[in-house]
Amino acid sequence: MDRKPSFEDIVDDLNRLIRMLIESMPAEGLDETVVYGFSIIKRGDEEPIIRKMLPEDEFDEIDDEDLGSGMIEPHIETIEGDDEVYITAEVPNIREEDIEVDVRERVVRITAVSNGGSCSLMSELPCAVDASLAKISYRNDVLEVVLPKQRHPRTGHDSNAP
1 MDRKPSFEDI VDDLNRLIRM LIESMPAEGL DETVVYGFSI IKRGDEEPII
51 RKMLPEDEFD EIDDEDLGSG MIEPHIETIE GDDEVYITAE VPNIREEDIE
101 VDVRERVVRI TAVSNGGSCS LMSELPCAVD ASLAKISYRN DVLEVVLPKQ
151 RHPRTGHDSN AP
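Quick note: the sequence shown, position 26, residue 26 per the UniProt record's numbering, numbers continuous.
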């Protein structure tokens, strides 16, 4: 009787596959940086959310069925720095003027609608931020948002600090 592979077995298989992918990538001839990536988010009994980041010309080559039954979403990453929160989101095939960033309380919502398609991404923020001082840039289908942490009005320190 076959046993179901453990989580560790699957991680070992993924590591082996990643090594094989890296070894098969061309060392020369690339004119630009190419980013591949994915994340899988699983909460309890809910269907997994699979986020993928691929070069634009390969984005539609992967069949969603190949990735399982989870919902496919563009990649978004939120990182808390000492003084700022950094958000990076993949927003392919959208013009910069069609992107809207909305920050309310501790949630950022990115929406984009154009003839090429639409997407809506949401990310929980790790702390309170000052949305009025947001810095936003968009290039190569990647949106970057930098949000300064909200400061306490009297002390000037991070309002989330103990």
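Yeah, the Cβ is synthetic: ideal placement off N, Cα and C, and Gly gets one too.
**Asked** Roughly how many angstroms lie between the CA atoms of D13 and I22, to the nearest whole one?
**Response** In the sequence shown, counting from the first residue as 1, residue 13 sits at position 13. In the sequence shown, counting from the first residue as 1, residue 22 sits at position 22. Rounded to the nearest angstrom, the two C-alpha atoms are 14 Å apart.
**Item:** Where P148 sits in the DSSP three-state scheme
**Value:** Working through the sequence shown from its first residue, we reach residue 148 at position 148. Residue state, collapsed to three classes: strand.
**Item:** Environment of I40 [buried if 16+ CB atoms lie within 10 Å]
**Value:** To locate residue 40, count along the sequence shown from 1; it is residue 40. Its Cβ having fewer than 16 others within 10 Å, I40 is exposed.
**Item:** Counted within 10 angstroms of its Cβ, other Cβ atoms place A27 as buried (16 or more) or exposed
**Value:** Looking up residue 27 in the sequence shown gives position 27. When all chains shown are included, A27 counts as exposed.
**Request:** Return helix, strand or coil for A131, following the three-state DSSP convention.
**Result:** Numbered from its first residue, the sequence shown carries residue 131 at position 131. Correct three-state label for A131: helix.
**Prompt:** With DSSP run on the structure shown, which of helix, strand or coil describes V91?
**Reply:** Here residue 91 corresponds to residue number 91 of the sequence shown, with the count starting at 1. Correct three-state label for V91: coil.
**Request:** Quick one: residues in its chain with C-beta nearer than 8 Å to the C-beta of D98, no 5 flanking neighbours on either side, listed in chain order?
**Result:** By 1-based counting over the sequence shown, the position of residue 98 is 98. For D98, where only same-chain residues beyond five positions count, the Cβ hits under 8 Å are A112, V113, S114.
**Asked** Secondary structure at D57, three-state DSSP: helix, strand or coil?
**Response** As a first step, residue 57 is located in the sequence shown; it is residue number 57 there, counting from the start. Because the pLDDT at D57 is just 48, under 50, the model does not fix this residue reliably, and the value given afterwards should be weighed accordingly. In the structure shown, D57 sits in a helix (DSSP, three-state: H, G or I).
**Message:** Within a Cβ cutoff of 6 Å, which residues of the same chain sit near S137, ignoring the five residues on either side of it in sequence?
**Reply:** The count along the sequence shown starts at 1 and reaches residue 137 at position 137. Closer than 6 Å at Cβ, skipping near neighbours: E144.
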